[in-house]
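Notes to accompany the following structure.
Number of protein chains: 2
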Amino acid sequence: MSRIITIGREFGSGGRELARYLAEILGYAYYDREIISEIAKRTSLSEKYIQNVAEHKPVIPFPIHTGRTFWAVIPDYGQNVQQEQHAIIREMAAKSDCVIVGRGADYILRDEKPYRIFVYSDSEDKMRRCRENLSDDYAKGAEMTDKELARRIEQINASRAEYYEFYTGQKWGDKSNYDLCINTSACHDLKKIAQAVASMF
Amino acid sequence: MSRIITIGREFGSGGRELARYLAEILGYAYYDREIISEIAKRTSLSEKYIQNVAEHKPVIPFPIHTGRTFWAVIPDYGQNVQQEQHAIIREMAAKSDCVIVGRGADYILRDEKPYRIFVYSDSEDKMRRCRENLSDDYAKGAEMTDKELARRIEQINASRAEYYEFYTGQKWGDKSNYDLCINTSACHDLKKIAQAVASMF
Numbered sequence: 006m007s008r009i010i011t012i013g014r015e016f017g018s019g020g021r022e023l024a025r026y027l028a029e030i031l032g033y034a035y036y037d038r039e040i041i042s043e044i045a046k047r048t049s050l051s052e053k054y055i056q057n058v059a060e061h062k063p064v065i066p067f068p069i070h071t072g073r074t075f076w077a078v079i080p081d082y083g084q085n086v087q088q089e090q091h092a093i094i095r096e097m098a099a100k101s102d103c104v105i106v107g108r109g110a111d112y113i114l115r116d117e118k119p120y121r122i123f124v125y126s127d128s129e130d131k132m133r134r135c136r137e138n139l140s141d142d143y144a145k146g147a148e149m150t151d152k153e154l155a156r157r158i159e160q161i162n163a164s165r166a167e168y169y170e171f172y173t174g175q176k177w178g179d180k181s182n183y184d185l186c187i188n189t190s191a192c193h194d195l196k197k198i199a200q201a202v203a204s205m206f
Numbered sequence: 006m007s008r009i010i011t012i013g014r015e016f017g018s019g020g021r022e023l024a025r026y027l028a029e030i031l032g033y034a035y036y037d038r039e040i041i042s043e044i045a046k047r048t049s050l051s052e053k054y055i056q057n058v059a060e061h062k063p064v065i066p067f068p069i070h071t072g073r074t075f076w077a078v079i080p081d082y083g084q085n086v087q088q089e090q091h092a093i094i095r096e097m098a099a100k101s102d103c104v105i106v107g108r109g110a111d112y113i114l115r116d117e118k119p120y121r122i123f124v125y126s127d128s129e130d131k132m133r134r135c136r137e138n139l140s141d142d143y144a145k146g147a148e149m150t151d152k153e154l155a156r157r158i159e160q161i162n163a164s165r166a167e168y169y170e171f172y173t174g175q176k177w178g179d180k181s182n183y184d185l186c187i188n189t190s191a192c193h194d195l196k197k198i199a200q201a202v203a204s205m206f
């Protein structure tokens, strides 16, 4: 059975970078946006469109308590992209040892007993990382005031929490759902943290 | 300035053992019950009595909203033991690099920026550890049914949470108050975890 590490992370915490170092050190496969690319290949939908659908909980046009079934009110493509995403995550996890970032993989793969990491940090550090990491699609930090950037980070993390809770029924970032929760504000050297974590495998 | 590691831990999670390994590997001083012994020396009260006072939040004989001041309703010795405990923790932390277990040391020493660890585990593992570790004052696990033991563990952890919240105003075990939260159910080899953590120092 492959060894699976899943990494949930607050936006701006450096979780993705930490995940990449960890995969490199251990020689494990690394899956993050690769999952989106694979769905795009299989469905011939655009990556941007898939990312939007695959990373957000569906918008429900009217309340569930009308008596109609839940899925009936969600556009089909949303469900299909999610199903495709789940299938791909399971395939990737079965193929080899791997590190998977986000996408509720800890829950999807719960029967395979992955090692579940959550990465978080203080607000100031999230701001700093966003400013430093302007290549990131979301951040565009240089054009934002501190207040705008803080609000943007908060929104992205709220959306991740919503997505996770919608698909897993669990609380995002609640330590009881993870095996290790790392605050990157206490140690900015992500490679050092990755090396420490890797030494347990 | 000394390097300080504080370890909060659920009863039965193996946190104390992990703390001891960590101190050994790093060559740091280790403080846990040593703090109680030191208070006993200074106050000439019995260790058992001090432990009871130092590890529980005070019982308030009547509600605070009567208009009398808060401390006025708490027996003086409780306050003194707490003050003594705070003073000793600060002295110990100033003396040399150290690992301090429990007692809200993460909060007491917050200005010294300690590395704050919280150790937790699944209920079944807490039960197992208590059964294995019968020398522990609290456990007396062999004489208890599973249900009784589970209830006892829950009570002890509720009391730790109450104590912590009373003296710090923070939520015990909430990851935002810690730099690393370790679930020992995912890796039973505490020495291995301690080595991994030590490698970050």
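In order, the protein sequences belong to chains A and B.
Converting from the first sequence to this note's numbering requires adding 5 to each position, the first position being numbered 1.
Converting from the second sequence to this note's numbering requires adding 5 to each position, the first position being numbered 1.
The beta-carbon is built from N, C-alpha and C at its ideal position, and this holds for glycine as well.
Environment of residue i [buried if 16+ CB atoms lie within 10 Å]
i                            : result
glutamine 90 of chain B      : buried
glutamate 167 of chain B     : exposed
lysine 131 of chain A        : buried
glycine 178 of chain A       : buried
phenylalanine 16 of chain A  : buried
arginine 3 of chain A        : The structure shown does not extend to residue 3 of chain A, since chain A is modelled only from 6 to 206, so the question has no answer here.
cysteine 186 of chain B      : buried
glycine 32 of chain A        : exposed
glutamate 148 of chain B     : exposed
lysine 180 of chain B        : buried
alanine 201 of chain A       : buried
asparagine 162 of chain B    : buried
alanine 77 of chain A        : Per-residue confidence for alanine 77 of chain A stands at a pLDDT of 42, beneath the threshold of 50, marking its modelled position as unreliable; the derived number appears in the next sentence. Exposed: under 16 other Cβ atoms inside 10 Å.
glycine 20 of chain B        : buried
aspartate 184 of chain A     : buried
phenylalanine 123 of chain A : buried
aspartate 116 of chain A     : exposed
arginine 47 of chain A       : exposed
Cβ of residue i within 8 angstroms of any chain A Cβ
i                         : result
lysine 176 of chain B     : no
isoleucine 187 of chain B : yes
lysine 196 of chain B     : no
arginine 14 of chain B    : no
valine 58 of chain B      : no
arginine 73 of chain B    : Note that arginine 73 of chain B scores a pLDDT of 49, beneath 50, so its modelled location is shaky and nothing firm can be said.
alanine 201 of chain B    : yes
methionine 6 of chain B   : no
lysine 46 of chain B      : no
Neighbour flag for residue i against chain B, beta carbons, 8 angstroms
i                        : result
valine 86 of chain A     : no
lysine 131 of chain A    : no
serine 42 of chain A     : no
aspartate 184 of chain A : yes
lysine 180 of chain A    : yes
cysteine 103 of chain A  : no
alanine 191 of chain A   : yes
serine 204 of chain A    : yes
N- and C-terminal bounds of the alpha helix (DSSP H) containing residue i
i                      : result
alanine 199 of chain A : 195-203
Element boundaries [beta strand (DSSP E), containing residue i]
i                       : result
cysteine 186 of chain B : 185-188
Residue i at chain D interface by Cβ criterion, 8 angstroms
i                     : result
lysine 118 of chain A : Looking for chain D here will not work: the only protein chains present are A and B.
Contact residues within the stretch 105-125 of chain A, judged by C-beta distance below 7 angstroms to chain B
Those would be Tyr120 and Tyr125, in chain order.
Alpha helix (DSSP H) runs contained entirely in the stretch 95-162 of chain A, provided each spans 4 or more residues:
If we require 4 residues or more, the alpha helix (DSSP H) runs fully inside the stretch 95-162 of chain A come out as 110-113 and 128-137.
May I have a chain-ordered list of the beta strand (DSSP E) segments no shorter than 3 residues that lie completely inside the stretch 10-55 of chain A?
If we require 3 residues or more, the beta strand (DSSP E) runs fully inside the stretch 10-55 of chain A come out as 34-36.
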